[in-house]
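Take a look at the structure set out below.
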Amino acid sequence: MIWTVYLSGEIHTDWREQIQAGAEAAGLPVEFTAPATNHEASDAAGDMLGKPEVAFWRDHQSSKVNGIRTKTLLEQCDLAVIRFGDKYKQWNAAFDAGFCAAMGTPYVTLHAKDIIHPLKEVDASAMAWAQTPEQIVEILKYVTTAQ
Numbered sequence: 001m002i003w004t005v006y007l008s009g010e011i012h013t014d015w016r017e018q019i020q021a022g023a024e025a026a027g028l029p030v031e032f033t034a035p036a037t038n039h040e041a042s043d044a045a046g047d048m049l050g051k052p053e054v055a056f057w058r059d060h061q062s063s064k065v066n067g068i069r070t071k072t073l074l075e076q077c078d079l080a081v082i083r084f085g086d087k088y089k090q091w092n093a094a095f096d097a098g099f100c101a102a103m104g105t106p107y108v109t110l111h112a113k114d115i116i117h118p119l120k121e122v123d124a125s126a127m128a129w130a131q132t133p134e135q136i137v138e139i140l141k142y143v144t145t146a147q
């Protein structure tokens, strides 16, 4: 079985590439999906429908277009990894975690110790909490190859 793993959250570091490289090096039966990670492109996702003059409506329109991708890929994944970085608040990642919890899709959170408290509800529904991409790769090794 090939596992589909959705990589949600923070887009300003190379955590996705680290997980993908680790999974590839280990020869794991995993394919990865993710939201649009180009910030500017994501913000402009709805501009083809006409760019609203009010920023709220532009964000609203683009979030709906981005939501087509996000909702579809989350519904199709076997496991989601939800990354919370330290530089920005990833409200979208928290939303993705809630969506997974509501659907019964297992997810693992990936974040530092210093944000345990604000993420306590998100972590409470997670199947695991990791602090490094390497720990995620170890989880993937176990769940995809354990006998």
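Going by my numbering, the sequence shown opens with residue 1, and the numbers climb by one from there. Glycine included, every Cβ here is placed at the ideal spot set by N, Cα and C.
DSSP-derived helix/strand/coil call for residue i
i: TYR142; result: helix
i: LEU49; result: helix
i: THR105; result: coil
i: GLN147; result: coil
i: LYS120; result: helix
i: ASN38; result: coil
Per DSSP, cross-strand counterpart(s) of residue i
i: LEU79; result: VAL5
i: TRP129; result: THR109
i: GLU31; result: THR4
7 Å CB neighbourhood of residue i in its chain, flanking five on each side removed
i: CYS77; result: THR4, VAL5, TYR6, THR33, THR105
i: GLU17; result: none
i: ALA23; result: VAL30, VAL137, LEU140
i: GLU134; result: GLY22
i: ALA112; result: ASP86, GLN131
Close beta carbons around residue i, own chain, < 6 Å, minus the five adjacent residues each side
i: SER8; result: ALA80, ILE82, ALA93, ASP96
Identity of the residue in the options nearest residue i by Cα
i: LEU74; options: LYS87, THR37, ASP47, MET103; result: MET103
i: TRP15; options: GLY85, ASP114, ALA41, GLY67; result: GLY85
i: GLU10; options: GLU121, TYR142, PRO35; result: PRO35
C-alpha gap between residue i and residue j, whole angstroms
i: ALA130; j: PRO52; result: 40 Å
i: TYR202; j: ALA146; result: The question about residue 202 has no answer, for the chain in this structure spans 1 to 147.
i: LEU49; j: ALA26; result: 43 Å
i: ARG58; j: LEU119; result: 28 Å
i: MET127; j: TYR107; result: 6 Å
i: GLN61; j: ASP47; result: 8 Å
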